[in-house]
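J.:
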Amino acid sequence: MVARGPAALVLEDGRIFTGSSYGMVGETFGEAVFATGMTGYQETLTDPSYHRQVVVMTAPHIGNTGWNREDDESARIWVSGFVVRDPALRPSSWRATGSLEDELVRQGVVGVCEIDTRALTRHLRDRGAMRVGLFSGPAATAGPEALVERVRRSPQMAGSALAAEVSTTSAYVVPAVGERRYVVAALDLGIKAMTPALMAQRGIEVHVLPATATFADIVAVQPDGVFFSNGPGDPATADREVGVLREVLAAGIPFFGICFGNQLLGRALGFGTYKLTYGHRGINQPVLDKATGKVEVTAHNHGFAVDAPRTGDAATDFGTARVSHICLNDDVVEGLELRDASGAVRAFSVQYHPEAAAGPHDASYLFDRFVDLLAQSCAVPS
Amino acid sequence: MPKRADIRSVLVIGSGPIVIGQACEFDYSGTQACRVLRDEGIRVVLVNSNPATIMTDPEFADATYVEPITPEVVEAIIAKERPDAVLATLGGQTALNCAMALHERGVLERYNAPLIGANVDAIRLGEDREAFKGVVARCGAESARSVVAHTMDECLAAAQTLGYPLVVRPSFTMGGLGSGFAYDEPDLRRIAGAGLQASPTTEVLLEESILGWKEYELEVMRDHADNVVVVCSIENLDPMGVHTGDSITVAPALTLTDREYQRLRDIGIAVIREVGVDTGGCNIQFAVNPVDGRVIVIEMNPRVSRSSALASKATGFPIAKIAARMAIGYTLDEVPNDITEQTPASFEPTLDYVVVKVPRFAFEKFPQADPTLTTTMKSVGEAMSIGRSFTEALQKALRSMERSGSSFHWLPTSQTAQEALTQSRRPTDGRIVSVQQALRLGATVEQVHEATGIDPWFLDQIERINAIAAELTSAPQLGPAQLRLAKRHGFSDAQLAQLRGMPEAVVRGVRHALGIRPVYKTVDTCAAEFAARTPYHYSSYDEETEVSPREKPAVLILGSGPNRIGQGVEFDYSCVHASFALRDAGYDTVMVNCNPETVSTDYDTSSRLYFEPLTLEDVLEVYYAECQAGPVAGVIVQLGGQTPLGLAAALKSEGLPVVGTSPEAIHLAEDRGAFGHVLAKAHLPAPQHGTAFSIDEALDVAHRIGYPVLVRPSYVLGGRGMVIVYDDASLRTYVEKATDASPEHPILVDRFLDDAIEIDIDALFDGEELYVGGIMEHIEEAGIHSGDSACTLPPATLGAFELARVREATRKLAEGIGVRGLMNVQFALAQDVLYVLEANPRASRTVPFVAKATGVPLAKAAARVMMGASIASLRAEGLLPATGDGGVMPAHAPMSVKEAVLPFARFRTQEGTVVDSLLGPEMRSTGEVMGIDADFGVAFAKSQLAAYGGLPTEGAVFVSMANRDKRAMIFPVKRLVDLGFRIYATTGTAEVLRRHGIEAEAVRKITERAEGASTEGMTSSIVELIAARRVQMVVNSPSGALSRSDGYAIRTATTGADLPIITTVQQLGAAVIGIEALRGGPLRVTSLQDHARDLDLYGRGTARS
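Chains A and B, in that order, are what the protein sequence lines are.
Read left to right, the first sequence gives residues 46 to 427 (our numbering).
Read left to right, the second sequence gives residues 5 to 1109 (our numbering).
And the structure:
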């Protein structure tokens, strides 16, 4: 058995859980959030949207299938800390190339294990996401008051602009699989690898641009459509990106956004955004497509949401907007669409993750919808 | 979309008797369905022949037909009730088969009562193997590859593409004759060569082997708007090759990455759509190659199943309940999640715990049966446990088996790692312990994986348990850190006691002194994302408990644990009724049980549910937790059968308020010596008997009272280890075996009464008044276990005088023992002497049957009496009839017949033949049916129809009777001839019949052929005749040692040919009356509600004039 030293998980409200060290020994800070997926820890760890967050897994056994070469959603682990109840001793999967814990150590991720993750989850559910510190090794030996104090001095999530920290620094192209039918400029605000992959499968050549890209940079790739990805941070801090998006919409270029991209579309259309008490992080969330009345089970990872009227149309600078999807658990806005004067959809976005990874594939039709939008737009001479 | 307006009345088809592979999980699903439909204002018509179920309680349907589930009878019900729709997807394969037969006969169309849930085409696509392969292919998934070959060259070519090993299945041979595994070309030449010859069409099917692959199941739900959710994933710890019902299974799946899991999910959803299940639950099974992840779809069931009951309990998502809502038009997003109340059912549950299910077998009842686990299901029950880790859940599940040796142990052993490894190669009951031993003794995870195919992740966890055990053994003392670690991984106090060589009570004392107690978490469908409103708890050694405070006094009800032969759904029935009655009376009820198949473990049944093993430790901890939450008024141990009863004394000595009959009184009834005093004081005779602690003592007793004697260990249920012996030699053999079985308790030796009528009574006693629930007369003579024998209520032949004697004797016993609540007494009436065979101060197996036959909720009344209500007060409030009771039934009362259902056809010996079907004092039935009608003949005929397909109305009957029965057989056989039956008989029996002017064709015994006796003119042997189904019924009473082999051959052939077999002369008489009744015209159907109205025990003036 692995020798584990004591470790502490310290919340900013003063609650402390004591457990054992896991992954890298040391200390780390971030926003404590819980994720309820029973599979997909590798995708979760490598999802840039989790940047600066300490992820608590509610599933008790983590690491069972080890680490493999195929399931990364980006080039590195982004979570700032990892909390599990019962780490696997031995990975078991024909695809595994190593163990999860070795990978955490290799990438310097500090974790805590063997704590009552359910008690912690209930605490976060009742009091909301909050700052947390994980301490193991010598760092754990300081007194509780000192540790709480250190957590309280760590940065807040609300008001944080983080997209630039996770984005690619240089543009790259994901080529279309088979015949190239369309070109899309995708702003990387923390993009997951599966997103351009699913577009490419549909004949889209994806030009992934850094988060700092300007409207001119976008136009330069002569896109048939523009995509804004998921990503970490508070959308209220992204005025620059919102400005770029307003230029895209004004130019009438078809737009699709996911997660952070959905929040930016909301802001571009004049809606507000707000922080949810404890967010949606799981792969079992029921979302209603208001157009079809059908329910899809979807992957979520968001701490912020768009504040828009659930019913009816809203006039915006770019046309009529309406909420297209809502979460059936709590009525949170999960999708927006923008129509022009003729009633045709010009732009749409969803708060959840149709690219899944991890999660169910129920919403993958949205990529087809994007292709349809590109097709209509290309058919109309501009 | 809201509820369909065109459905105002639904016929729900139940699953009939409990059999292996179809148990009380369908009572759970059917009960849920009935409740939901009635809540929706729909008139519910129910048919189910199983009286032991909750669903057949009259309050769960508007019209409850306890009638055989055959197309003819169900058609009669449809004709009478004219339902708008038929729901058959919640009653197992029985209901589905009946629905298909109704469709084929045009009944559904004729009465305009279409199937809801799954339609006919979907059912067919799910059932037809070839058609289903097409479905799988259209969904872009794979079935096991196979090739049909007609020559050896074709076989060899097929082997090239499929690879070895191969499964060879000759086409159209009986019972899989000639099938086998070919590991290489010589194997293939040999097996396929023989197979091609054996096949009438010179055809063999070659299929790739998926033995040893990982096995998974998904439970999928669909609504008519095509919304689909996956409720649960289940992973089998035992790989492919062991039936999923016999495998240890785990939820959720633990060894798949998200990519692989989503692939299974995509396929599952595509298949349910392609098959076209309109609405409801489906179960789909997969095999996954552990080497490369290749996925093969094995099968799907377009209905709820054992797995869906397990999935419902494992997740808190009630599949059957929601399936019923879907069937009448709701969509998933319109139905709220009961547990959160805030969120809809259109989501996928996520678990923050691990669920382990372990099957319970009954091979000890069938010593001849081959205990190797195969693709044919053999387990009779299961226990489920929930823990915050796999190790915790697994160890809890293993101790839930309540069977010595089922838990991991670290006792000194002479076994080597190699021996344990060899043992674990063959899948059997308890293989998991061999696996643990192999690892403990030094085998590596790789070696055990190679031997068993069990995924290394699981093996690694077992190795971790061994490592903790080693740490505990070597620790200088049992400190808090080690104790906490051990408890976190599911070690029981008993295991710790064993490891540390100290008494269990001391371990517990130390643990409590250190404040190490479990906390109780909640099953909430959502991993705590939303607050749970339903107190469905499980224990875990973790930090925070979720038991909320309460104000009302609580009553703990201990359930009966995993189903087994002798302790099944009947006991769950009583527990559930107690819970309902006590909730109505203002208590909070707290159910403790570990059987996922039952209604008692539905979170809707009690105020609180603890899904926990029924061991002393686990019950004490629940009690402690509930005492922290509020006042506890009592603990009920009398209703769950022997399991909770066995804890009574220990619970009381720990200071728990055990209500009802006291543990001291229970001892009076169960200890032979003490019971002898009770009998003597009451001047009641018992068969002569004695108690023995050794072989010599047993022989002394037998010589004193004379053979035959009935011997058994004390404190057993279901007659375990009970036999009738006729001589010293067999008594010796028995005592040697039995003392092994139960070391703490002595052997009871009773004089066995030949030719006695056995009588059963269920009664309620409050200290003052005796309420007789019902008196039952057995059809078979004493000596057949009461659970296996048919009986009638009211008693078919007893007169008022005998009934009065039975009542009086019962009252004296109740007083003498000190019963508060239910008591069951068995009497034998021989030469006009009423002997007391045994008295059990607890709910019996017949309580639900009695309740249904008399229309009085006996178990509810019992629970109230246990909590201190008097029978007089229950009469006054109308729970019991104002006057009279079930002991004196009015002359117009209908006859109810209970018949046992036996699992013999399910078991094979190692040589592949069926096991013997002879009845005896050891109980072996898995379930029961009830036939109810105006007179005995029709009621008996209905019971036979419900139990196994029914008595013949024409054709031939084979008769072979023991000498002692030959006189008694004359009249019934004569009557059969008068009714037009042809009679075949053995030489001796034929001779006796001929002397009485009854024509019988003599057929040869097997031994006659072997001994070269004159068999001229006798063309076929009995066995050939039976196998060719040239007879429609077999009558064979066992005739002692001489022709035991013949009797065995005859009975097994009959079981194999699925023909009715009659083994006692009393059964023969009943059968003849039944046959006559059947020939009297089509069966009429009457609902229990109508029967009760006509019977009018409550004196409401509704009786038939």
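Ideal Cβ placement from N, Cα and C applies to all residues, glycine included.
These figures come from a predicted structure and were not determined experimentally.
Could you check if residue 201 of chain A is buried or exposed, using at least 16 other CB atoms within 10 Å of its CB as the buried criterion?
T.: exposed
J.: With DSSP run on the structure shown, which of helix, strand or coil describes residue 20 of chain B?
T.: coil
J.: By how many angstroms is the C-alpha of residue 134 of chain A removed from the C-alpha of residue 457 of chain B?
T.: So the alpha carbons of these two residues sit roughly 19 Å apart.
J.: I need the straight-line Cα distance from residue 754 of chain B to residue 711 of chain B, nearest angstrom please.
T.: 9 Å
J.: Under three-state DSSP, which class holds residue 335 of chain A?
T.: coil
J.: Scan the region 348 to 360 of chain B for residues whose Cβ lies nearer than 8 Å to a Cβ of chain A and list them as they occur along the chain.
T.: Considering only beta carbons, the part of the region 348 to 360 of chain B lying closer than 8 Å to chain A consists of 348, 350, 351, 352, 353, 354, 355, 356, 357, 358, in chain order.
J.: Judging by CA-CA distance, which residue of B/416, B/318, B/883, B/840 is the nearest neighbour of residue 586 of chain B?
T.: Taking only the C-alpha atoms, the option nearest residue 586 of chain B is B/883.
J.: Would you list, in chain order, the members of the region 290 to 308 of chain A that have their beta-carbon closer than 8 Å to a beta-carbon of chain B?
T.: none
J.: Starting from the beta carbon of residue 8 of chain A, find every residue of chain B whose beta carbon is closer than 9 Å, and list them in chain order.
T.: This structure cannot settle anything about residue 8 of chain A, because the visible part of chain A is limited to 46 through 427.
J.: Mind checking whether residue 57 of chain A and residue 170 of chain A have CB atoms under 8 Å apart?
T.: No. Outside cutoff.
J.: Can you grab the Cα-Cα spacing for the pair residue 673 of chain B / residue 785 of chain B, in whole Å?
T.: 24 Å
J.: So that I know if they touch, is there some Cβ in chain B lying closer than 8 Å to that of residue 338 of chain A?
T.: yes
J.: Is residue 88 of chain B near residue 67 of chain B, with beta carbons less than 8 Å apart?
T.: no
J.: Mind listing the chain B neighbours of residue 85 of chain A? Cutoff is C-beta to C-beta under 9 Å, in chain order.
T.: Those are 261, 262, 263, 265, 266, listed as they occur along chain B.
J.: Taking the beta strand (DSSP E) that residue 237 of chain B falls in, what are its first and last residues?
T.: From DSSP, the beta strand (DSSP E) with residue 237 of chain B extends over 232 to 240.
J.: Do residue 620 of chain B and residue 654 of chain B count as a contact pair if the criterion is CB distance below 8 Å?
T.: yes
J.: For residue 144 of chain B, return the contacting residues in chain A, with the cut-off set at a CB-CB distance below 8 Å.
T.: Correct list: empty, because the minimum Cβ distance to chain A is about 13 Å.
J.: Identify, in the order they occur along the chain, each residue of the same chain with its Cβ nearer than 8 Å to the Cβ of residue 352 of chain A, setting aside the five sequence neighbours on each side.
T.: 311, 316, 317, 318, 319, 378
J.: Which one or two residues does DSSP pair with residue 380 of chain A in a beta bridge?
T.: A/370, A/395
J.: Where do the ends of the beta strand (DSSP E) carrying residue 74 of chain A lie?
T.: It spans 72 to 80 - the beta strand (DSSP E) in which residue 74 of chain A sits, taken as one unbroken run.
J.: Please list, in chain order, the residues of the region 103 to 127 of chain A that have any C-beta partner in chain B closer than 8 Å.
T.: 103, 104, 105, 106, 109, 110, 113, 115, 116
J.: Between residue 405 of chain A and chain B, is any beta-carbon pair separated by less than 8 Å?
T.: yes
J.: Give me the residue from B/16, B/971, B/761, B/347 with the minimum Cα distance to residue 839 of chain B.
T.: B/761
J.: Within this structure, are the beta carbons of residue 281 of chain B and residue 126 of chain B separated by less than 8 Å?
T.: Closer than 8 Å, so yes.
J.: Report the CB separation of residue 459 of chain B from residue 294 of chain B in whole angstroms; it is logged as a contact under 8 Å.
T.: 7 Å
J.: Please compile the residues from chain B whose C-beta is within a distance smaller than 7 Å of the C-beta of residue 137 of chain A.
T.: 259, 459, 460, 461
J.: Give me the subset of the region 231 to 242 of chain B whose CB atoms are less than 9 Å from a CB atom of chain A, sorted by chain position.
T.: 231, 232, 233, 234, 237
J.: Along chain A, which residues have their Cβ under 9 Å away from the Cβ of residue 1094 of chain B?
T.: Chain-ordered listing is empty here: chain A has no CB closer than 9 Å to the CB of residue 1094 of chain B, the nearest sitting near 43 Å.
J.: For residue 7 of chain B versus residue 434 of chain B, is the C-beta spacing smaller than 8 Å?
T.: Contact: no.
J.: Taking DSSP's pairing of strands, which residues face residue 252 of chain A in a bridge?
T.: Beta-bridge pairing by DSSP links residue 252 of chain A to A/218, A/230.
J.: Please list the terminal residues of the continuous alpha helix (DSSP H) segment that includes residue 423 of chain A.
T.: 410 to 424
J.: Assign residue 902 of chain B to one of three DSSP states: helix, strand, or coil.
T.: strand
J.: Hey, quick one: how far does the alpha helix (DSSP H) through residue 101 of chain B stretch, first residue to last?
T.: Per DSSP, the unbroken alpha helix (DSSP H) holding residue 101 of chain B starts and ends at 96 to 108.
J.: Thinking residue 97 of chain A and residue 207 of chain A are a contact (beta carbons under 8 Å), I'd like their distance in whole angstroms, please.
T.: So it is a contact: roughly 6 Å between Cβ atoms.
J.: Within 8 Å, do at least three Cβ pairs link the region 819 to 831 of chain B to the region 533 to 550 of chain B?
T.: no
J.: Taking C-beta to C-beta, are residue 286 of chain A and residue 234 of chain A nearer than 8 Å?
T.: In this structure, residue 234 of chain A lies closer than 8 Å to residue 286 of chain A by Cβ.
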